[in-house]
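2 protein chains.
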Amino acid sequence: MTSAPVGQTQIPAGQTQTQKTPSPAAAGSLKDVIAAPTAICTIDGVAGRLIYRGYSIEDLAAHATFEEVVYLLWEGDLPNKQQLEAFKTRLAAGRAIPKVLVDHLRMVPPDAHPLAVLRSGVSLLAHYDPAAESMDPVATRAKAERLLGQVPTIVAARARMREGKQPVEPRDDLSAAANFLWMLFGKEPDDVTAHAMDVAFTLHAEHEFNASSFAARVAAGTYVDLHSCMVAAMATLKGPRHGGANEDVIEMIEEVGSPARAEKWARDRLQRYLSASREERAKPELRFPGMGHAVYKTWDPRARILQKLAHEVAEQHGEGWIAEIQETVRTVAAEGLGLNPNVDYYSAGLYHALGIPSDLFTSIFATARTAGYVAHIEEQLKGGRLIRPRGEYTGPKDRQVVPLAQR
Amino acid sequence: MTSAPVGQTQIPAGQTQTQKTPSPAAAGSLKDVIAAPTAICTIDGVAGRLIYRGYSIEDLAAHATFEEVVYLLWEGDLPNKQQLEAFKTRLAAGRAIPKVLVDHLRMVPPDAHPLAVLRSGVSLLAHYDPAAESMDPVATRAKAERLLGQVPTIVAARARMREGKQPVEPRDDLSAAANFLWMLFGKEPDDVTAHAMDVAFTLHAEHEFNASSFAARVAAGTYVDLHSCMVAAMATLKGPRHGGANEDVIEMIEEVGSPARAEKWARDRLQRYLSASREERAKPELRFPGMGHAVYKTWDPRARILQKLAHEVAEQHGEGWIAEIQETVRTVAAEGLGLNPNVDYYSAGLYHALGIPSDLFTSIFATARTAGYVAHIEEQLKGGRLIRPRGEYTGPKDRQVVPLAQR
Chain Z
0 MTSAPVGQTQ
10 IPAGQTQTQK
20 TPSPAAAGSL
30 KDVIAAPTAI
40 CTIDGVAGRL
50 IYRGYSIEDL
60 AAHATFEEVV
70 YLLWEGDLPN
80 KQQLEAFKTR
90 LAAGRAIPKV
100 LVDHLRMVPP
110 DAHPLAVLRS
120 GVSLLAHYDP
130 AAESMDPVAT
140 RAKAERLLGQ
150 VPTIVAARAR
160 MREGKQPVEP
170 RDDLSAAANF
180 LWMLFGKEPD
190 DVTAHAMDVA
200 FTLHAEHEFN
210 ASSFAARVAA
220 GTYVDLHSCM
230 VAAMATLKGP
240 RHGGANEDVI
250 EMIEEVGSPA
260 RAEKWARDRL
270 QRYLSASREE
280 RAKPELRFPG
290 MGHAVYKTWD
300 PRARILQKLA
310 HEVAEQHGEG
320 WIAEIQETVR
330 TVAAEGLGLN
340 PNVDYYSAGL
350 YHALGIPSDL
360 FTSIFATART
370 AGYVAHIEEQ
380 LKGGRLIRPR
390 GEYTGPKDRQ
400 VVPLAQR
Chain G
0 MTSAPVGQTQ
10 IPAGQTQTQK
20 TPSPAAAGSL
30 KDVIAAPTAI
40 CTIDGVAGRL
50 IYRGYSIEDL
60 AAHATFEEVV
70 YLLWEGDLPN
80 KQQLEAFKTR
90 LAAGRAIPKV
100 LVDHLRMVPP
110 DAHPLAVLRS
120 GVSLLAHYDP
130 AAESMDPVAT
140 RAKAERLLGQ
150 VPTIVAARAR
160 MREGKQPVEP
170 RDDLSAAANF
180 LWMLFGKEPD
190 DVTAHAMDVA
200 FTLHAEHEFN
210 ASSFAARVAA
220 GTYVDLHSCM
230 VAAMATLKGP
240 RHGGANEDVI
250 EMIEEVGSPA
260 RAEKWARDRL
270 QRYLSASREE
280 RAKPELRFPG
290 MGHAVYKTWD
300 PRARILQKLA
310 HEVAEQHGEG
320 WIAEIQETVR
330 TVAAEGLGLN
340 PNVDYYSAGL
350 YHALGIPSDL
360 FTSIFATART
370 AGYVAHIEEQ
380 LKGGRLIRPR
390 GEYTGPKDRQ
400 VVPLAQR
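Line by line, the protein sequences give chains Z and G. Residue numbering for the first sequence follows numbering that gives the first Met the number 0, beginning at 0 and increasing consecutively. Residue numbering for the second sequence follows numbering that gives the first Met the number 0, beginning at 0 and increasing consecutively.
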């Protein structure tokens, strides 16, 4: 991951790019290009606002559970009590994975990347789902409900297997967040931890046309089945410019090591960044991981919500040092560069405090974002068309094949 | 597949759409939007021209083998004799798949869709490739060379397994096209057949920003590994608006049944089409499969090239009736609607004449298009950025969460 070129995410707030992109085509990023209408989510990057189906993320995080948020994303409205109970019952019933899938997962070498294994797992699940090929909207929704339960089951089962432990069966009496921690650790989480995880799931559930959701829509544009669309999304989420970014935060925390060293570490990094050339500044070793965002020009609203919760959980698990390091580094980055943390900054701290290995973080992201993927896939399948842009050809012209012997 | 909504592909030549799309956003298709610069391929839909790296598809199909075309797509130039021999040796050496992958494939139920199984197979291959996570360009190219050999091996092995036959080991003394037919049938193809298949591979090798290649680029934009990008592409190719379209041609040929019935069948279909309403015309049962194309407004140049070859092979295999049906139906569609065949029309006829089951056609497409996917992935990894467009929000605004008990 450290060899990844760096995208747009580290532009300090208040600063604009000196070298403006001439056109989306030249950049090849579709940045700021409207790709399609959507009624699922909108982001105001300047105001730092994230809206799911008309509700602010602050309101949802404070007053709704992840299950209610999933229902909202899929149905367009929050459920009433009866609807919610029926939905939760259906979700809980779909959590188990077929035994043959466990057999497949056992065959995969322990060092395979967890998100690569999840990608394979979701692809394989299709072969054991009798409705896998159905394009009927009711069948698609039923598959979505199963996948929302099965994705975390694959993640947790595989995480235990590679450590030589037996998978823990899902429980149908726990929330999605609590059940995930149960399957991962074989131990029911306390209320504070379960709540923090539930909020983390809500914050990661959806984020407009991020690269992996857009990949899911490109797939859905060909009118392909749900599992195929989900596989395209998982494959795309794995990249370090996207879902893979949060592992870097842990590298930073571990490099700092203790709160006493945090301020010096942060000031050194700031100094090296400020005295570096424009090109050098793109290097991972000069950047503040988990700071800045491609869309948000101010605080990522999700970071503000998770900040307190992550610190509380760290404190409760005797890992308060993580919170201390994070706040010291954040303050130096804010003062020196006007940079603000994004959601990865605090979700990484939260998961680290819970003892979750950092290479699982993106799989947790995938678990929550499955909610958003389904909403985008259904929207694209329903009204959308084939997504097929054009290229701006920059290659050679008018060549003629010379016979092989004369080349 | 017959339930698929219909895209843009059946606009008769010379006719324009009466209802113009107001904007790409409204359509959600990115149609005619320039997404990125590319030096790989360009299409002139009006003139009916397809160009790989500056060479016309007619020139390449007539004077270069598939292996030379792959080298061209990846390197930018055609190989000389020495370069070609070395390349062919490396490709041939990479054709075997690990035994454990065969074990995985054997576990998958026989009725799973072949392209879904290929998607799983490519995803699983990553776990057994020691360089799967490497982003080094040299390692990526080596993986690409292996995948180009392994994809057809998976397709053929799986096709035999589901019929209860043993997979046939790849040979390193055959061309990619001949080796594929060898692995599929356990019998070396004659020269005419091997040549037709080689040309079909060349014609399907690349097609600018088609949906699956674009999906591969969206994945690559996150700086993810080659296998992940390939999986995103395979998942997207499966859709009936994209790679899955050629199976419909076989349904048509089988429905017609014999050359004697072809003209009546075609005139009936034409009559029903002409007397139908605009909405009804979108129904698959009123359309001419394999006719028209989203980008080409005249003959698909690939169809012209394949027409003669496909008919020759059909004749040679005692399946000349397929060619007769196809020509009769084509003539009626051209005279009545100004429609021209696309590449699927004749590749379907070719594969059908060879006795290949129609649900394998898209996997053959994937085998050839792997060449183009790799070129697009490498181009995006090298210079491209995160592909992340924006949505045009059309949903509700300013809602507030009402407590569950009051909903």
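Where a beta carbon is used, it is the ideal one built from N, C-alpha and C, also for glycine.
Residues of the stretch 162-175 of chain Z whose Cβ lies closer than 8 angstroms to any Cβ of chain G, in chain order: none
Closer than 8 angstroms by beta-carbon distance: list the chain G residues that pair up with Z/His126, in chain order. Here residue 126 of chain Z corresponds to residue number 127 of the first sequence, with the count starting at 1. In chain order: Val107, Pro108, Ala111, Ala115, Val116, Ser119.
So, is the C-beta of Z/Asp358 closer than 7 angstroms to a C-beta in chain G? Locating residue 358 of chain Z in the first sequence gives position 359, counting from the first residue. Judged by the 7 angstroms Cβ criterion, Z/Asp358 is not in contact with chain G.
Within 10 angstroms of the Cβ of Z/Asn339, are there 16 or more other Cβ atoms? Answer buried if so, exposed if not. Walking along the first sequence from the start, residue 339 of chain Z turns up at place 340. Result: buried.
Can you tell me whether Z/Ala25 is buried or exposed, with buried defined as 16 or more other CB within 10 angstroms of its CB? In the first sequence, the residue the question calls residue 25 of chain Z occupies position 26. Here Z/Ala25 scores only 45 on pLDDT, less than 50, and its place in the model should not be relied on; the value that follows carries that caveat. Exposed: under 16 other Cβ atoms inside 10 Å.
Please list the terminal residues of the continuous beta strand (DSSP E) segment that includes G/Glu391. As a working mapping, residue 391 of chain G is identified with position 392 in the second sequence. Segment 389-392, the beta strand (DSSP E) holding G/Glu391.
Checking the sheet assignment: what are the DSSP bridge partners for Z/Asp43? Locating residue 43 of chain Z in the first sequence gives position 44, counting from the first residue. Z/Asp43 is bridged to Z/Arg48.
Using the beta-carbon count (16 or more within 10 Å), is Z/Gln9 buried or exposed? Position 10 of the first sequence, counted from the start, is the residue given in the question as residue 9 of chain Z. Note that Z/Gln9 has pLDDT 44, beneath the 50 cutoff, so the model's placement of it is unreliable and the number below is only indicative. Looking at its Cβ environment, which holds 16 or more other Cβ atoms inside 10 Å, Z/Gln9 is buried.
Residue from Z/His62, Z/Arg260, Z/Gly47, Z/Trp320 with nearest C-alpha to G/Pro402: Within the second sequence, the letter at position 403 stands for residue 402 of chain G. Closest option to G/Pro402, Cα to Cα, is Z/His62.
Does DSSP put G/Arg94 in a helix, in a strand, or in coil? The residue labelled residue 94 of chain G in the question sits at position 95 within the second sequence. Coil, per DSSP.
Looking at G/Thr139 and Z/Ala218, is the spacing between their C-beta atoms short of 7 angstroms? Within the first sequence, numbered from 1, the residue matching residue 218 of chain Z stands at position 219. Within the second sequence, numbered from 1, the residue matching residue 139 of chain G stands at position 140. No. Outside cutoff.
What does the Cβ neighbour count give for G/Ala259, buried or exposed, with the cut at 16 atoms within 10 Å? Counted from its first residue, the second sequence places residue 259 of chain G at position 260. Classification of G/Ala259: exposed, given that the 10 Å Cβ count is below 16.
Have a look at G/Asp31 and G/Ala46 and give me their C-alpha separation to the nearest angstrom. Within the second sequence, numbered from 1, the residue matching residue 31 of chain G stands at position 32. Within the second sequence, numbered from 1, the residue matching residue 46 of chain G stands at position 47. Near 16 angstroms, if we compare the C-alpha coordinates of G/Ala46 and G/Asp31.
Could you pull the DSSP bridge partners for Z/Thr37 from this structure? Residue numbering aside, residue 37 of chain Z sits at position 38 when the first sequence is read from its first letter. Answer by DSSP bridge pairing, in chain order: G/Tyr392.
Go ahead and label Z/Glu67 buried or exposed: buried means 16 or more other beta carbons lie within 10 angstroms of its beta carbon, across all protein chains shown. The residue labelled residue 67 of chain Z in the question sits at position 68 within the first sequence. Label assigned to Z/Glu67: buried.
When we look at the beta-carbon of G/Gly289 and count the other beta-carbons within 10 Å, is it buried (16 or more) or exposed? Indexing the second sequence from 1 puts residue 289 of chain G at position 290. Under this definition G/Gly289 is a buried residue.
Any contact of the stretch 201-216 of chain Z with the stretch 116-135 of chain Z, i.e. 3+ C-beta pairs under 8 angstroms? Contact fails between the stretch 201-216 of chain Z and the stretch 116-135 of chain Z, because fewer than three Cβ pairs, one in each stretch, are under 8 angstroms apart.
Every unbroken alpha helix (DSSP H) inside the stretch 237-309 of chain Z [4 residues or more]: 246-255, 258-273
What does G/Asn209 reach in chain Z if we use C-beta pairs closer than 7 angstroms? Within the second sequence, the letter at position 210 stands for residue 209 of chain G. Proximity of chain Z to G/Asn209 at the Cβ level (cut-off 7 angstroms) is accounted for by Arg387, in chain order.
Just curious, the alpha helix (DSSP H) that Z/Pro151 is in, first and last residue? In the first sequence, residue 151 of chain Z corresponds to position 152, counting from 1. Element bounds for Z/Pro151: 136-160.
Residue of G/Thr330, G/Ser276, G/Leu385, G/His310 minimising C-alpha distance to Z/Val294: Position 295 of the first sequence, counted from the first residue, corresponds to residue 294 of chain Z. Z/Val294 has its Cα closest to that of G/Leu385, out of G/Thr330, G/Ser276, G/Leu385, G/His310.
Rounding to the nearest angstrom, what Cα-Cα distance links Z/Leu173 and Z/Leu72 in this structure? On the first sequence, residue 173 of chain Z is found 174 positions in, with the first residue counted as 1. On the first sequence, residue 72 of chain Z is found 73 positions in, with the first residue counted as 1. Using only the alpha carbons, I get a separation of about 21 angstroms.
Any C-beta of chain G sitting closer than 7 angstroms to the C-beta of Z/Asp247? Start at 1 with the first residue of the first sequence, and residue 247 of chain Z comes out as number 248. It does not: the Cβ of Z/Asp247 has no partner Cβ on chain G nearer than 7 angstroms.
Tell me whether the stretch 150-158 of chain Z and the stretch 180-189 of chain Z touch, counting them as touching only if at least three CB pairs, one residue from each stretch, are closer than 8 angstroms. yes
From the DSSP output, in three-state form, read off G/Val107 for me. The residue labelled residue 107 of chain G in the question sits at position 108 within the second sequence. DSSP places G/Val107 in coil when its eight states are reduced to three.
Between the alpha carbons of Z/Tyr70 and Z/Met134, how many angstroms are there, rounded? The sequence position of residue 70 of chain Z within the first sequence is 71, counting from 1. The sequence position of residue 134 of chain Z within the first sequence is 135, counting from 1. Rounded to the nearest angstrom, the two C-alpha atoms are 21 angstroms apart.
Would you list, in chain order, the members of the stretch 69-102 of chain G that have their beta-carbon closer than 8 angstroms to a beta-carbon of chain Z? Gly75, Leu77, Pro78, Asn79, Lys80, Leu83, Val99, Asp102
Could you tell me whether the Cβ atoms of G/Thr408 and G/Gly243 are closer together than 7 angstroms? The structure shown does not extend to residue 408 of chain G, since chain G spans only 0 to 406, so no value can be given for it.
For a contact meaning CB atoms closer than 8 angstroms, what does G/Asp397 contact in chain Z? The residue labelled residue 397 of chain G in the question sits at position 398 within the second sequence. Neighbours of G/Asp397 on chain Z, chain order: Gly53.
When you compare the stretch 111-122 of chain G with the stretch 187-200 of chain G, are there three or more beta-carbon pairs, one atom per stretch, that lie closer than 8 angstroms? Between the stretch 111-122 of chain G and the stretch 187-200 of chain G, the count of C-beta pairs closer than 8 angstroms stays below three; the two stretches do not touch.
Classify G/Val150: buried if its beta carbon has 16 or more other beta carbons within 10 angstroms, exposed otherwise. Here residue 150 of chain G refers to the residue found at position 151 when the second sequence is read from its first residue. G/Val150 comes out buried.
Which class does G/Ser122 belong to by DSSP, given the choice of helix, strand or coil? Counting from one through the second sequence, the residue named residue 122 of chain G turns up at place 123. Helix.
Assuming the contact rule is C-beta atoms closer than 8 angstroms, G/Asn245 and G/Ala347 should be a hit. Round their C-beta distance to whole Å, please. As a working note, residue 245 of chain G is residue 246 in the second sequence. As a working note, residue 347 of chain G is residue 348 in the second sequence. With 8 angstroms as the limit, G/Asn245 and G/Ala347 qualify as a contact, their Cβ atoms being about 4 angstroms apart.
Thinking C-beta only, is G/Ala158 closer than 7 angstroms to G/Leu349? Residue numbering aside, residue 349 of chain G sits at position 350 when the second sequence is read from its first letter. Residue numbering aside, residue 158 of chain G sits at position 159 when the second sequence is read from its first letter. Cβ distance not < 7 angstroms, so G/Leu349 and G/Ala158 don't count as in contact.
What does Z/Phe200 touch in chain G if you count any residue whose Cβ is under 7 angstroms from its own? Counted from its first residue, the first sequence places residue 200 of chain Z at position 201. Those within 7 angstroms of Z/Phe200 in chain G number zero; the least Cβ separation is about 16 angstroms.
Please decide whether G/Thr221 counts as near chain Z, where near means a Cβ-Cβ distance under 7 angstroms. Numbered from its first residue, the second sequence carries residue 221 of chain G at position 222. It does; some Cβ of chain Z falls within 7 angstroms.
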